[in-house]
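Below is one structure; the comments refer to it alone.
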Amino acid sequence: LATNELVVVQGHDHPMLMKRSLRAEEASWVSGERPAVPSAHSAKTRYRQLDSACTLEDTRDGGLSVEFTEPQWAVTPGQSVVLYDQELCLGGGVIT
Numbered sequence: 009l010a011t012n013e014l015v016v017v018q019g020h021d022h023p024m025l026m027k028r029s030l031r032a033e034e035a036s037w038v039s040g041e042r043p044a045v046p047s048a049h050s051a052k053t054r055y056r057q058l059d060s061a062c063t064l065e066d067t068r069d070g071g072l073s074v075e076f077t078e079p080q081w082a083v084t085p086g087q088s089v090v091l092y093d094q095e096l097c098l099g100g101g102v103i104t
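Quick note: my numbering has the sequence shown finishing at residue 104, numbered continuously throughout.
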């Protein structure tokens, strides 16, 4: 968005569609409090997606940084990232 560019690639599994990390803002936590960081959890960036192992980190501006163990397909700004501790939903934020 910063450069107002649209990049189009061929194929569902093109490497440019894969991301190992994301930033998120507007975090909301089920317990009302952010989990301790750094911390290992799992996360989803798409509905019905399998949980993916990740590490949650703070950012200097109060946002979230999520680093995945394996690359994730089509991480998209404006979508949500939802974090879990096993079966327990911790909360999440809006991907930037």
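Every residue, glycine too, gets a C-beta built ideally from N, C-alpha and C.
- Query: Just curious, the beta strand (DSSP E) that Glu13 is in, first and last residue?
  - Reply: Looking at the DSSP string, Glu13 is not in any beta strand (DSSP E), and its letter there is neither H nor E.
- Message: I'd like the ranges of any beta strand (DSSP E) spanning at least 3 consecutive residues and lying wholly in the stretch 63-88.
- Response: 72-81
- Residues that Ala61 bridges to, as DSSP identifies them: Ser50
- Message: Could you check whether Ile103 and Leu30 sit closer than 7 angstroms to each other, using their CB atoms as the reference points?
- Response: Contact annotation: Leu30 and Ile103 have beta-carbon atoms nearer than 7 angstroms.
- Item | Per DSSP, cross-strand counterpart(s) of Arg42 | DSSP lists no partner for Arg42.
- Query: When the Cα of Leu72 is compared with those of Asp59, Ala82, Ala32 and Ser50, which residue comes out closest?
  - Reply: Ranking Asp59, Ala82, Ala32 and Ser50 by Cα distance to Leu72 puts Ala32 first.
- Per DSSP, which residues does Glu33 bridge with? Please list them. Val102
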